[in-house]
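Residue numbers (our numbering): 2 to 325.
All C-beta atoms in this analysis are idealised placements derived from N, C-alpha and C, irrespective of residue type, glycine included.
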Amino acid sequence: FPPQELMYTATAVRDWGKRDVTLIDSIARDLTKEQVLAELKNFQADVVVTILGFEILEQDIRVLRWLRQQMPGTKFVAFGYYPTEFPEQILDASGVDFVILGEPEYCCHELLNALEEGSSFEGIMGLCFRKADGTFVANPERPRLKSVDELPHPDYSMVNIHDYSEFLMPKPFATLQTARGCPYGCNFCTRSYGRQLTLRSPENIIEEIRTLVDKFGVRAVRFMDDTFNAVPARTFKICEGIEKNFPGLVWSALSRIDTMDEPRAAAMKKAGCKRVYLGVESGSDRILKLYGKDYGVDQIPVVFDMLRRNGIEIACFFMVGHPE
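Rendered as structure tokens:
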């Protein structure tokens, strides 16, 4: 998939600060760490900003520490789930100069302003760092964005869109995030942006899809929201916009068992939804309760039958290894 968090951040700091920005997706391009280093040096990077992965955290930290050693004059910044949860430990383990908590766009922009102006970092909300004497500084967390609409759309010209795909979906392929945060209480989940749900307007979403279709020829989209159809009225409005404006587009999305009903399934199918990913997690009511799920096993086949009647493919996630 496209590195959406990095694309959002790169587009924002470029547009807001008229900065010269490059985005290196070393995973999609299958680059070695030496090739990444060569590209960074060729670009003469003053600042390197990266997201740290979840399953591959240890490898990410090793590579980041190596790059930091090879480029002693460059500032390094990390963000993501683990940096937000454990900023001091990530700062020390990776050797980066700064850690950003939560949503990165505004914090990163203000950090770059401070670096350019030689001003203090201590007023930048959501930023963690060490002073020259080694003292760890954790500035107050930045409040969540009230409206994701205010962010510029991720610019796909920063990457090669043909590097990305979803299983058995047409190309060119892109991802969209129509909301940040998840209000549900599953106790195993990372919740990248917390439990506060902030929504993009349907108009803003349709505008982004129009750019992807017209400029990049996109034929398939994956909505990356934790629960795409959490708000019924908004789901219907997005589906109406897609059906009206992009009749040939196919797409997939994530849903919970208890946010999928007949009206939403029918509207999604009519708008080109090809596949729904469901967090089934377990076939045991006892385990579902331990996971913090609000539905029972008996609801699962009902939702499956409903999606099959509407001609939507079903893919499922399962969790194993709960202490109980």
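Exercise for review: Counting only the same chain and skipping the five closest in sequence on each side, list residues whose C-beta sits under 7 Å from that of G293.
Suggested key: Here residue 293 corresponds to residue number 292 of the sequence shown, with the count starting at 1. Answer for G293: G186, C187 and N188, listed in chain order.
**Study point:** C-alpha gap between V304 and V277, whole angstroms
**Key:** As a working mapping, residue 304 is identified with position 303 in the sequence shown. As a working mapping, residue 277 is identified with position 276 in the sequence shown. Going from the Cα of V304 to the Cα of V277 covers about 11 Å.
**Study point:** Reference A180, options F217, T236, P171 and F174, closest by Cα
**Key:** The count along the sequence shown starts at 1 and reaches residue 180 at position 179. Nearest option by C-alpha distance: T236.
**Study point:** Of the residues E89, I210 and K147, the one placed nearest G135, counting alpha carbons only
**Key:** One-based indexing of the sequence shown puts residue 135 at position 134. Looking only at E89, I210 and K147, the smallest Cα-Cα distance to G135 is reached by E89.
Review point. Just the Cα atoms here: how many angstroms apart are P203 and W67?
Key: For this step, residue 203 is matched to residue 202 along the sequence shown. For this step, residue 67 is matched to residue 66 along the sequence shown. If you take the alpha carbons of P203 and W67, they lie about 43 Å apart.
**Study point:** Sufficient close CB pairs (3 or more, under 8 Å) joining the segment 24-39 to the segment 159-171
**Key:** Because the criterion of three Cβ pairs below 8 Å is met, the segment 24-39 and the segment 159-171 touch.
Review point. Can you give the Cα-Cα distance for Y83 and L308, rounded to whole angstroms?
Key: The residue you call residue 83 lines up with position 82 of the sequence shown. The residue you call residue 308 lines up with position 307 of the sequence shown. Take the alpha-carbon of Y83 and the one of L308: they are about 35 Å apart.
Exercise for review: Following the continuous beta strand (DSSP E) through F44, name the residue where it begins and the one where it ends.
Suggested key: Start at 1 with the first residue of the sequence shown, and residue 44 comes out as number 43. Unbroken run through F44 is the alpha helix (DSSP H), K34 to F44; no beta strand (DSSP E).
Exercise for review: Report yes if the CB atom of I52 is closer than 7 Å to the CB atom of E6, and no otherwise.
Suggested key: Against the sequence shown, residue 52 aligns to sequence position 51. Against the sequence shown, residue 6 aligns to sequence position 5. Taking 7 Å as the Cβ cut-off, I52 and E6 qualify as a contacting pair.
Point to revise | A234, enclosing alpha helix (DSSP H) - first and last residue | key: What you label residue 234 is simply residue 233 of the sequence shown in a count that begins at 1. For A234, the uninterrupted alpha helix (DSSP H) run begins and ends at P233 to N246, by DSSP.
Exercise for review: Find the nearest neighbour of D47 within the set I315, V37, K76 and V100, judged by alpha-carbon distance.
Suggested key: In the sequence shown, counting from the first residue as 1, residue 47 sits at position 46. The residue with the shortest Cα to Cα distance from D47 is K76.
Check your understanding: Buried or exposed: where does Q45 fall if 16 or more other Cβ atoms within 10 Å of its Cβ makes it buried?
Key -> One-based indexing of the sequence shown puts residue 45 at position 44. By the 10 Å Cβ count, Q45 comes out exposed.
**Study point:** S148, buried or exposed, once every other Cβ within 10 Å from all chains shown has been counted against 16
**Key:** In the sequence shown, residue 148 corresponds to position 147, counting from 1. Exposed, since its Cβ has fewer than 16 Cβ neighbours within 10 Å.
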